[in-house]
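A quick write-up on the structure given underneath.
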Amino acid sequence: MQQIPSKIWIWYQILWNWDLGLDLFGTGFGFGGLGLDLDLDFGLKFTKSERNPDDEIIHPQDEWQYQNSITGQWYHWTTYNKQNNHGEWRVKWLNVAPTSYLGVIVYLTTTNELNPLKTSLTQLSRLLSNNPRPVVIFHEGDFDADDIQKSLSNILGNHTPLGFERIRFSDNANRPRSVFPRWPLKYFHMCRFFTLMLPNHPLLTLFTYYWRLDAHSYIFGPKPIEDPFEIMQKRHIQYAFIMANEDDDHYAVGLWSFFHEFLDNHCLKPSIALRQTQTGWFGGYSLAIIFTNFAIANVSLFRDHSLIRAWLHAVDRNGGIYRYRWGDAPIHTLALTQFLSQNHIVRLRYFGYMHRHEYTCASNIERDLCKAQVKSFLTQNGIRYSYYQDGCFPSTQNPLCHYYPEIKLNPDDEIIHPQDEWQYQNSITGQWYHWTTTYNKQNKYVEWRVKWLNVAPTSYLGVIVYLTTTNELNPLKTSLTQLSRLLSNNPRPVVIFHEGDFDADDIQKSLSNILGNHTPLGFERIRFSNHLIQPRPVGNHRWPLKYTDMCRFFTLMLVNHPLLTLFTYYWRLDAHSYIFGPKPIEDPFEMMQKRQIQYAFIMASEEADYYAVGLWSFFHEFLDNRCLKPSIALRQTQTDLFGNYSLYIIFTNFAIANVSLFRDHSLIRAWLHAVDRNGGIYRYRWGDAPIHTLILTQFLSQNHIVRLRYFGYMHQREYICADGIKGEVCKAQVKPFLAQNGIEYLYYQDGCHPSPRNPLCHYYPEIKL
-6 MQQIPSKIWI
4 WYQILWNWDL
14 GLDLFGTGFG
24 FGGLGLDLDL
34 DFGLKFTKSE
44 RNPDDEIIHP
54 QDEWQYQNSI
64 TGQWYHWTTY
74 NKQNNHGEWR
84 VKWLNVAPTS
94 YLGVIVYLTT
104 TNELNPLKTS
114 LTQLSRLLSN
124 NPRPVVIFHE
134 GDFDADDIQK
144 SLSNILGNHT
154 PLGFERIRFS
164 DNANRPRSVF
174 PRWPLKYFHM
184 CRFFTLMLPN
194 HPLLTLFTYY
204 WRLDAHSYIF
214 GPKPIEDPFE
224 IMQKRHIQYA
234 FIMANEDDDH
244 YAVGLWSFFH
254 EFLDNHCLKP
264 SIALRQTQTG
274 WFGGYSLAII
284 FTNFAIANVS
294 LFRDHSLIRA
304 WLHAVDRNGG
314 IYRYRWGDAP
324 IHTLALTQFL
334 SQNHIVRLRY
344 FGYMHRHEYT
354 CASNIERDLC
364 KAQVKSFLTQ
374 NGIRYSYYQD
384 GCFPSTQNPL
394 CHYYPEIKLN
404 PDDEIIHPQD
414 EWQYQNSITG
424 QWYHWTTTYN
434 KQNKYVEWRV
444 KWLNVAPTSY
454 LGVIVYLTTT
464 NELNPLKTSL
474 TQLSRLLSNN
484 PRPVVIFHEG
494 DFDADDIQKS
504 LSNILGNHTP
514 LGFERIRFSN
524 HLIQPRPVGN
534 HRWPLKYTDM
544 CRFFTLMLVN
554 HPLLTLFTYY
564 WRLDAHSYIF
574 GPKPIEDPFE
584 MMQKRQIQYA
594 FIMASEEADY
604 YAVGLWSFFH
614 EFLDNRCLKP
624 SIALRQTQTD
634 LFGNYSLYII
644 FTNFAIANVS
654 LFRDHSLIRA
664 WLHAVDRNGG
674 IYRYRWGDAP
684 IHTLILTQFL
694 SQNHIVRLRY
704 FGYMHQREYI
714 CADGIKGEVC
724 KAQVKPFLAQ
734 NGIEYLYYQD
744 GCHPSPRNPL
754 CHYYPEIKL
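For the sequence shown, this note's numbering assigns the number -6 to the initial residue and increments by one for each residue that follows.
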């Protein structure tokens, strides 16, 4: 053992005594320069980096091996950040080479299971006949014979690629002794293979998704099914399963406490999904598991997600797979319920599935019809087959059963996809789409096509957007008139979102004439859901449904409309938003690009407390669940002297933002989805202004936000003039907009309410005249 330098030993004692729960590998904290390794899972151990006789460093590697089917070369498995780079993994394909690498179907089996495997492949060839997918069989050498390979390739047919990948499990006796000595060692190997090793095989670097089946896995139904890989790609689903079950408690000894120890060490709290599906009545383990003998997953999920990968490595180092027979099902289920959002996982219910003696039919397939579909597989005498009507055991108690969205058959035998009920229409093709808001990126429609009036955009740096109705046509015309005047030096595309009342050609023509021939104008029709799924307003508060729809639109939906994939920035205005000044202004989009600004606003205000009921506590719960502390900006602008919510907000009826800010920033996106699921927009009338202000002050640095003070702005009855424009000059500039008798117009000299107290007013840099 190498002598431990005293400074390192002192630091180690400090960290240990503080009980910080640091994972020195996971946090990148280490002593590589000293050639030292720390192994905190098995006590403190310092070892010197090993070298071979040629003085080359020997990297730690797994004893398991895999062979290339073309070259015959063997490799040791690597399960760390990235798989060894073999260039592109080459495969000896039978029948035909893949024409698509979207997904691959994988088995791990032996020739002892040859007959059920043939049945499984037969069912695949039938139900995927419209879109055959590559099939790969992992084995330990017993499928090397040409006649076996040929017989299986014949079952799949000439249009289905079939490959065989040989692997070699280690018989190292150093693994933990099992408390279940009668279980075959190969079963433990299988559990480890699907837990950690499969996604790190280089074959899977070729594919986006993998579909794991066992030799005894039979999919069935009366006709070919829709390709599940395409469904997952379109919906940006990360994981799909078909059945849920319950593990035996004697096969999960210590797993629950070990998982919570892992969470504690990474400063994580149990997720809502984990609490609702994995936690029993008294805080113990519910033992509910996804039946992973059928699983479709994004390859990167178990290979590249840092926390999931850390969990799988922790399990592997612990040895619980071999010691207690921890299965890949509970190991994966815990990670999936902890780290994936509810809409990233689906349950497939549009075809039947059988594994050994348990089976389920597609949704809406009743018992007699179900029996007819499955009858050909019920061939073993003396076996009691178990039919799970909803695919779950025990049906009424398993919390996983209906927790996740389901893709079902409706009564007309058509697939029902889980999706948002809001829709948008393409202005050229007329096709309607359901909104997708729950994923990292918006669905790819190649390039969203727009029917532009006047002229097509010459630049896609930014777009100005409205959501309005023809009831606001007159103020909208005023707003567009002011845009055309103040942006005359650099006209920017304008798009009006509407629910169909702007479809008339004469209305579109009149608005395009206001903007002039050099300003592109587009109209994007949308459809809000009238389905009464929104939470009802609390108490006696009643506000128009369209107002809360508008709040949801600007909170979450706008940035996920495919129009915005064309642009870098968007500038949101309302029909009652008027910019003004004596002459054209400098283009704010160019200014933001040059200065790398993420968000710009013009006024700050104060929210009514009865429109923010529960929002402050909900936001802090969000931070706590992610082990986040309030930022300096949040403490200084959103927190009052007593630690309560200050209610100060950015006036978001004027907002310029980088499109990616609310769409691609993982924590901001998580907050917006949490708000959406909570229902506070419809229940309490939470507005997009406080929802966005909280997250902007928490996650953006002070220099990424600016306040624009070089032109005037009016919204409804509140207005501000450009910095330095005061008194009579200001009144003269705004006078044309003070047209309504009996209205008390409010002039905010510095653009803030209440002026002396609003900490947002001058907290961020200002761009002035």
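Ideal placement from N, C-alpha and C gives every residue a C-beta, glycine not left out.
- A check of alpha carbon separations from Gln335 across Arg159, Ile265, Val443 and Phe284 identifies Ile265 as the nearest.
- A distance below 7 Å separates the beta carbons of Leu479 and Ile578.
- Within 10 angstroms of the beta-carbon of Val722 lie fewer than 16 other beta-carbons, which makes it exposed.
- For Arg360, the three-state secondary structure derived from DSSP is helix.
- Beyond the five residues adjoining it in sequence on each side, Arg349 comes within less than 6 Å, by CB distance, of His209 in the same chain, given in chain order.
- Rounded to whole angstroms, the separation of the alpha carbons of Ile218 and Lys368 is 19 Å.
- In this structure, the CA atom of His685 is about 7 Å from the CA atom of Thr548.
- Taking all protein chains in view, the Cβ of Gly320 is crowded by 16 or more other Cβ atoms within 10 Å, so the residue is classified as buried.
- For the pair Leu621 and Leu660, the Cα-to-Cα distance works out to about 11 Å.
- Leu197 and Val339 have their C-alpha atoms spaced approximately 22 Å apart.
- A contact between stretches requires three or more CB pairs, one per stretch, nearer than 8 Å, and the stretch 305 to 320 fails this requirement with the stretch 378 to 388.
- Taking a contact to require three or more Cβ pairs closer than 8 Å, the stretch 700 to 718 and the stretch 740 to 760 qualify as touching.
- With a cut-off of 8 Å on Cβ pairs, the stretch 660 to 677 is not in contact with the stretch 717 to 735, counting fewer than three such pairs.
- DSSP places Ser293 in the uninterrupted alpha helix (DSSP H) bounded by Val292 to Asp297.
- Here DSSP, grouped into helix, strand and coil, assigns Ser93 to coil.
- Comparing alpha-carbon positions, the option among Thr541, Asp207 and Asn483 lying closest to Tyr180 turns out to be Asp207.
- The alpha-carbon separation between His554 and Leu693 amounts to approximately 23 Å.
- Assignment of beta-bridge partners to Lys761 by DSSP yields Arg702.
- When Asn483, Met707, Asp55 and Leu256 are compared, the shortest CA-CA separation from Met584 is found for Asn483.
- Counting only unbroken stretches of 3 or more residues, the beta strand (DSSP E) elements lying wholly within the stretch 321 to 402 are 338 to 342, 345 to 348, 351 to 353 and 399 to 402, in sequence order.
- Judged by DSSP secondary structure, Glu254 falls within the alpha helix (DSSP H) whose first and last residues are Leu248 to Asn258.
- In this structure, the beta-carbon distance from Trp564 to Ile457 falls below 7 Å.
- Secondary structure at Val448: coil, using DSSP grouped into helix, strand and coil.
- In terms of Cβ geometry, Arg168 and Tyr315 form a close pair [threshold 7 Å].
- Inclusion of Leu145 and Asn88 in the CB contact set at 7 Å is not warranted, their separation being larger than that value.
- CA-to-CA, the gap between Pro195 and Leu300 works out to about 21 Å.
- Taken in chain order, the complete beta strand (DSSP E) segments of 3 residues or longer contained in the stretch 674 to 732 are 698 to 702, 705 to 708 and 711 to 713.
- Setting aside the 5 residues that flank it on each side, Pro758 is surrounded in the same chain by Val699, each with a C-beta closer than 6 Å to its C-beta; the list follows chain order.
- Cβ-Cβ distances below 8 Å link Val488 to Val443, Val456, Ile457, Val458, Tyr459, Leu514, Gly515, Phe516, Glu517 and Leu556 in the same chain, with the five nearest sequence neighbours on each side left out; the list follows chain order.
- For the options Ser477, Leu362 and Asn193, the alpha carbon positioned closest to that of Ser293 is the one of Asn193.
- Per the DSSP secondary-structure output, Gln418 pairs in a beta bridge with Trp425.
- Just measuring C-alpha positions, the residue of Ser748, Ser610 and Ser570 sitting nearest Met707 is Ser570.
- Counted as a single uninterrupted DSSP element, the stretch harbouring Ser279 is not any alpha helix (DSSP H), since DSSP gives it neither H nor E.
- Ala650 is bridged by DSSP to Tyr563 and Tyr592.
- In the structure shown, Ser505 adopts helical secondary structure according to DSSP, grouped into three states.
- When Gly705, Val606, Gly150 and Gly214 are compared, the shortest CA-CA separation from Ala355 is found for Gly214.
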